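Working notes for the structure below.
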Amino acid sequence: MLDGQIDVAPVAQAFERLRDRFPESVLDASYAGRELAVRVRREDIIPVLRFLKHEAGFNSLTDVVGIDNLKSLPTGRAGDAPASRGAAGAAPSLPAGRTVEATAALPVSQKGETTAASEPPKRFSILYQLYRFPEACRIRISVDLAEAEPVDSVVPVYRAADWAEREIFDMFGIDFTGHPDLRRIYLPDEFEGFPLRKDFPLEGKTGGV
Amino acid sequence: MTESGERHPFLLAKLDELISWSQKNSLWPFGSGLACCAIEMIATAAAKYDISRFGMELFRASPRQADVFIVAGTVTNKMAPVVRRLWEQMPDPKWVVAMGNCAVSGGPFPTYAVLQGVDKIIPVDVYIAGCPPTPQGLLHGLITLQNQIARSHPTLEIFDRDARRTD
Amino acid sequence: MASKAFKEIDLNMGPQHPSTHGVLRLKVSIDNEVVLHVEPVLGYLHRGMEKLWESQTYHQIIPLTDRLDYLASLSNNLGYCLTVEKLAGIEVPKRAQYIRVILAELQRLASHLAWIGFMANDVGAMTVLLYGFEARESFLDIFETYAGGRLTIHGMRLGGVPFDLDETVIGMIRKVLETTPKWIADIEGLLTDNRIWRHRTEGIGIIPQSDALENGLTGPCLRAAGMAWDLRRDLPYSSYEDFDFDIPVRTASDVLDRYFVRMEEMRQSLRIVRQALDRLPAGEHIAKVPRTLRIPPGEIYHSIEAPKGELGFFIRSNGTDKPERVKMRSPSFINLMSLEQMCKGNLFSDIVGVLGSLDIVLGEIDK
Amino acid sequence: MTGKAFLFELLIPVIKIVAVILYPMIMVVVMIWLERRVVAWIQGRIGPNRVGWQGILQPFADAFKLFFKEDIIPREADKLLFNIAPILVMFSTLLAFCFIPLGESFRIGTYTLHLRIADSPVGLLLVLGLSSIGVFGIIFGGWASNSKYPLMGALRSVIQILSYEIPIGLTVLTVVFLSRSMDLVRIVESQREGGVWFGLLMPVSFVVFWISGIAETNRAPFDLPEAENELVAGYHTEYSGMKFAYFYIAEYAHMVLVSSLVVILFFGGWLPPFPSIKAFAFLHWIPGFVWYLIKIMFFLYLYVWIRATFPRYRFDALIKLVWKWFIPLSLANFLVVVALRYVL
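Chains as they are written, first to last, in my numbering: chain A, 62 to 270; chain B, 671 to 837; chain C, 26 to 392; chain D, 123 to 466.
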């Protein structure tokens with residue numbers, strides 16, 4: 062694919078700076094072509110994003126994605142995908158503080174099999190997809206959180222996260238602390254349950270008006 | 671003609687003819703687009719299909735002035751009360767055309783958020799299948815509705831209703 | 026407080042309103058027709074698309090993507106297919122890539138033609154709507170001949186396109202390449218130098234470049250704010266790097282500039298289609314993809330330049346034939362966030378113009 | 123009472139009254155049909171063609187249907203004003219037609235037959251006055267609906283109509299000044315005596331009057347009070363059935379009225395072009411009434427043409443246009459006309 066022909070230097074550079082700056086926070090990382098995926102500690106999401114935005118030049122937040130890892134929780138398989146860090150929630154977390162030079166420097170195909178499971182996998186993941194203009198490189202920051210655990214809202218850093226976080230709140234019931242206006246965005250306020258959670262049936266619980 | 675139609679007094683029958691003629695030739699649709707089907711509804715009003723030939727191009731922005739409610743698109747549970755209210759705001763006599771599979775039966779969305787057919791909240795006169803129906807399909811549906819109106823006996827229905835009330 | 030309450034009027038536009046492009050609802054507060062506050066209320070078309078996708082196989086999702094941005098369903102198909110192909114490592118034949126480019130650019134033209142119609146209709150020029158739709162019909166005819174659908178076309182498959190371009194379709198496309206510039210010129214003749222149009226669009230709905238970037242604005246709206254951001258050039262996909270085209274950029278970032286950018290984009294799309302037709306390589310039109318496509322666990326994000334902006338799909342696979350999670354980054358959803366900033370201080374009548382210039386589609390916003 | 127006197131004193135007025143109601147109604151029907159067909163033609167469509175010859179019966183179908191439609195009065199509405207509003211709009215417009223001559227006066231024996239109901243030396247003033255009463259109907263309608271969009275439509279309408287009254291008054295003044303009469307028949311006759319239409323003599327007056335006339339009738343591009351894309355349907359959003367039909371018919375009747383006024387004031391009414399030039403004498407063979415109708419239809423056509431072409435003005439631009447351009451312009455125009463009249 063095209064990614065192979067593209068110069069990956071800017072991404073690698075950005076990642077090295079990030080890792081040097083936040084050795085404690087970065088849990089896991091991999092990149093495919095110009096796309097870098099980094100998992101960080103939940104508490105450090107704001108400083109990491111602030112660094113990436115103001116110092117590493119990732120001037121645009123493309124999207125915020127929420128994921129429910131319920132199905133992969135009991136087994137906790139290690140991620141074994143060739144071009145990614147595997148099913149994120151299932152991929153076991155590294156002990157806090159461990160750095161990841163090895164994985165970061167690796168070429169695309171060899172990364173993934175990071176470490177053995179040591180920490181219980183968490184229920185939800187939130188992914189922040191960043192983009193750097195005009196160099197056209199992407200970075201994906203993710204955090205894992207257990208059920209009922211809140212995460213800091215990144216709206217103060219990237220305003221574009223506003224509705225995306227509301228959407229995740231609406232669909233998963235994840236609480237974003239510090240969000241200016243955290244309400245349901247799609248569903249009516251009286252709706253019960255969070256549809257994109259894996260334990261929510263497709264047809265809904267009550268059905269119809 | 672139904673049996674009751676034959677018993678209809680001549681003058682009233684003629685009046686009926688006039689009323690249903692005017693009603694069927696002046697179906698002003700309510701300009702309500704819900705989803706994908708709305709685009710095909712607009713395409714029906716545009717040059718190639720030209721709904722105005724039937725006197726139906728006056729898409730009314732206000733439900734008070736509309737005759738036919740073309741439910742063009744997916745009715746979600748959040749939208750359902752609104753659709754119901756819009757229908758209630760339309761003055762009688764009014765007709766409803768369920769355009770597209772979503773309005774007919776929920777279409778490809780058997781999910782928690784979608785009303786499985788608009789006929790659960792308002793009575794539907796004509797169903798048009800398709801996802802979305804082509805403009806020809808919509809025109810066919812509207813002509814079907816016209817024929818349906820042409821067969822109706824507006825005054826007779828009033829008497830019938832009164833008769834039912836006195837019962 | 027009492028005097029404030031007396032001066033302000035709160036208006037509810039929608040969810041059923043003639044110019045909210047569907048079932049968008051806007052809570053507007055105005056003071057003597059000056060807009061103080063606009064809050065979009067979404068969800069009236071929320072169909073639970075992303076939840077539904079989790080229960081469908083990778084192949085089955087394609088027709089559902091048609092229903093997102095229903096004015097540009099082929100672009101949705103393309104965005105989704107490219108993402109899955111990237112995740113599964115499917116190599117798309119060169120001919121299929123070219124056909125995809127042709128279809129996507131025709132779709133962009135159709136989408137922009139519908140847009141200019143709606144936009145002009147919103148400021149009261151109703152004839153342009155009819156012109157736009159009449160011009161758009163010839164594109165729909167091509168799609169209908171090619172894949173059988175007019176609006177929800179389902180014109181792409183994993184690994185390529187369902188049908189090869191035959192002589193009939195190529196002939197139709199060539200004909201459209203000739204007629205469309207005339208339509209564009211007609212529409213521009215009605216609008217560009219019209220004083221009322223200028224007045225309704227010039228200096229309206231301005232958003233500074235920095236704010237546009239901050240809000241995640243993409244597509245023509247961002248290009249009208251002076252940033253030459255176009256994924257077709259920056260992160261080329263589906264062989265876009267083979268084609269020669271310009272990225273129109275304007276700097277005033279108002280409604281008028283968004284209009285200019287889109288009109289110019291239409292001409293560039295015609296250029297791309299012409300090049301792709303001329304250089305259409307021989308070969309297969311679809312790669313061999315198993316009916317039951319199981320993708321090993323992994324996750325990927327890929328985005329394309331859709332008519333509305335950056336259309337991205339994030340997919341996480343779990344080894345089965347159904348995705349674990351598909352998240353769509355819909356351009357209209359993120360673009361709509363800038364509405365309040367654009368409208369504040371303008372007049373009530375301008376809301377519809379600004380909303381029109383954003384080119385939103387509710388199917389994509391509400392999913 | 124002799125038979126002849128009976129004929130002239132009683133029967134003719136009755137016929138006139140019927141005619142004055144029928145005439146605008148026929149024009150409205152033709153106008154509605156024409157508008158839908160012409161707009162369709164401009165947009166590359168066909169337009170109504172299913173009922174009657176080329177769809178000519180379409181307005182009748184619409185009218186009958188509206189007649190048999192349920193009449194809804196919103197619960198929160200002010201019932202009295204809500205009901206008065208459409209009547210007021212309709213009534214004021216129709217009443218104004220009493221003063222509009224339909225053609226040249228002619229003599230039957232000793233009796234002069236004027237083709238209008240009321241002979242008034244200040245007919246022009248009355249027409250203008252009556253046609254502005256309609257704005258009350260719009261205010262009442264908007265206010266009584268007890269809904270925000272109609273209210274905003276009504277507010278816009280009031281400001282718009284009141285503003286455009288001023289340039290209309292000022293331009294009419296130039297005509298009155300030249301013809302030295304407020305009698306509409308007299309104004310036409312003075313154009314015959316002058317040998318040239320006032321519109322050619324005073325193009326500025328004509329242009330300002332015509333554009334203001336479009337604004338008076340709330341038609342595109344000045345159709346802000348009922349701007350569909352902003353205000354749903356403006357002041358008549360809550361109206362249904364026959365009451366809505368009243369607003370609808372009144373709007374078209376008003377257009378006919380304004381077109382008639384333009385023709386009478388600026389284009390010589392029922393006079394053929396160049397009424398005093400011998401070379402064009404053959405044009406007199408065509409009856410005056412036909413000329414009159416042709417001219418009115420031309421201006422009605424202009425209405426449709428403009429509607430199909432232009433985007434809608436924004437409110438501030440509309441007000442700027444009248445206060446910054448039309449009022450100074452018509453004032454200057456008036457002074458120039460006065461000066462020239464005395465110099466030449």
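Every residue, glycine too, gets a C-beta built ideally from N, C-alpha and C.
As the structure is a computational prediction, the values presented were derived from the model and not from experiment.
| Item | Value |
| --- | --- |
| On the criterion of 16 or more Cβ atoms from any shown chain inside 10 Å, does ALA148 of chain A qualify as buried, or is it exposed? | Any answer about ALA148 of chain A is weak, because its pLDDT of 37 lies below 50 and its placement is not dependable; what the coordinates show is given next. With 16 or more other Cβ atoms within 10 Å, it is buried. |
| According to DSSP, simplified to helix, strand and coil, what is ALA240 of chain D? | coil |
| Name the one or two DSSP bridge partners that CYS198 of chain A has. | A:ARG193 |
| Starting from ARG350 of chain C, follow the beta strand (DSSP E) in both directions and report where the run begins and ends. | 348–354 |
| Tell me, please, which residues DSSP counts as bridged to VAL63 of chain C. | C:VAL53 |
| To the nearest angstrom, how far is the alpha carbon of CYS368 of chain C from that of ARG434 of chain D? | 19 Å |
| Using the Cβ count rule (16 or more neighbours within 10 Å means buried), how would you classify THR103 of chain A? | The identity of residue 103 of chain A in the sequence shown is Arg, whereas the question assumes Thr. Counting Cβ neighbours within 10 Å, ARG103 of chain A comes out buried, since at least 16 surround it. |
| From the DSSP secondary-structure annotation, give me the bridge partner or partners of VAL109 of chain C. | Answer by DSSP bridge pairing: none, since VAL109 of chain C is not bridged. |
| If you draw a straight line from the alpha carbon of ILE283 of chain D to that of PHE437 of chain D, how long is it in whole angstroms? | 12 Å |
| Going by the DSSP bridge assignment, what does HIS327 of chain C pair with across the sheet? | C:PHE338 |
| VAL211 of chain D and TYR368 of chain D look like a contact to me (Cβ under 8 Å); what is the Cβ gap, rounded to whole Å? | 6 Å |
| Look at the alpha carbon of ALA75 of chain A and the alpha carbon of TRP140 of chain C, and state the distance between them as a whole number of angstroms. | 39 Å |
| Taking beta-carbon pairs under 7 Å, can you tell me which members of the stretch 696–723 of chain B lie near chain D? | SER696, ALA717, ASP720, SER722, ARG723 |
| In its own chain, which residues sit with a C-beta less than 6 Å from the C-beta of ILE371 of chain D, not counting the 5 before and 5 after it? | VAL150 |
| Any idea what DSSP makes of ASN205 of chain D, helix, strand or coil? | helix |
| Determine whether the beta carbon atoms of LEU245 of chain D and LEU237 of chain D lie at a separation below 8 Å. | What sits at residue 245 of chain D in the sequence shown is Gly, not Leu. No. Outside cutoff. |
| Here's a check: name, in chain order, each residue in its chain whose Cβ is nearer than 7 Å to the Cβ of TYR374 of chain D, leaving out the five neighbours to either side. | VAL150, MET153, ILE154 |
| Is PRO170 of chain D closer than 8 Å to SER722 of chain B when the C-beta atoms are compared? | yes |
| Can you name the residues of chain F whose CB is closer than 7 Å to the CB of ASP213 of chain A? | Here the protein chains are A, B, C and D, and chain F is not one of them. |
| Using DSSP with H/G/I as helix, E/B as strand and the rest coil, what is TRP765 of chain B? | strand |
| Please list the terminal residues of the continuous alpha helix (DSSP H) segment that includes SER253 of chain D. | 245–266 |
| Is any beta-carbon of chain B found at less than 8 Å from that of GLY234 of chain A? | no |
| With H, G and I counted as helix, E and B as strand and the rest as coil, what does DSSP make of TYR69 of chain C? | coil |
| So GLY334 of chain C packs on THR243 of chain C, CB below 8 Å; how close in whole Å? | 3 Å |
| Taking ALA430 of chain D as the reference, which of D:PHE186, D:ALA162, D:TYR271, D:ALA141 has the closest Cα? | D:ALA162 |
| Three Cβ pairs or more, each shorter than 8 Å: is that satisfied between the stretch 445–463 of chain D and the stretch 320–328 of chain D? | yes |
| Going by Cα to Cα distance, which pick from C:LEU372, C:GLY381, C:PHE373, C:ARG341 is closest to SER357 of chain C? | C:GLY381 |
| Applying the 10 Å Cβ sphere with the 16-neighbour rule, what's the burial state of GLU96 of chain A? | buried |
| How would you call ILE137 of chain D, buried or exposed, if buried means at least 16 neighbouring beta carbons within 10 angstroms? | exposed |
| ASP241 of chain D touches chain B at which residues, Cβ-Cβ below 8 Å? | Ordered by position in chain B, no residue passes the 8 Å Cβ test against ASP241 of chain D, which lies about 39 Å from the chain. |
| How far does the alpha helix (DSSP H) with THR152 of chain C in it extend, from its first residue to its last? | 151–172 |
| For ASP205 of chain A, name the three-state secondary structure that DSSP assigns. | strand |
| Buried or exposed: which applies to ARG146 of chain A, given that a residue is buried once 16 or more other Cβ atoms fall within 10 Å of its Cβ? | Bear in mind that a pLDDT of 39 at ARG146 of chain A, under 50, signals an unreliable position, so the number given afterwards is only what the model happens to contain. Buried, since its Cβ has 16 or more Cβ neighbours within 10 Å. |
| Here's a check: name, in chain order, each residue in its chain whose Cβ is nearer than 8 Å to the Cβ of LEU235 of chain D, leaving out the five neighbours to either side. | ILE134, SER227, PHE228, ARG229 |
| Distance cutoff 8 Å, beta carbons only. Does GLU85 of chain A sit that close to anything in chain C? | no |
| Ignore the nearest five residues each way along the sequence and tell me which others in LEU131 of chain C's own chain have a CB closer than 8 Å to its CB. | LEU99, PHE164, ILE167, PHE168, ILE198, VAL201, SER294, VAL298 |
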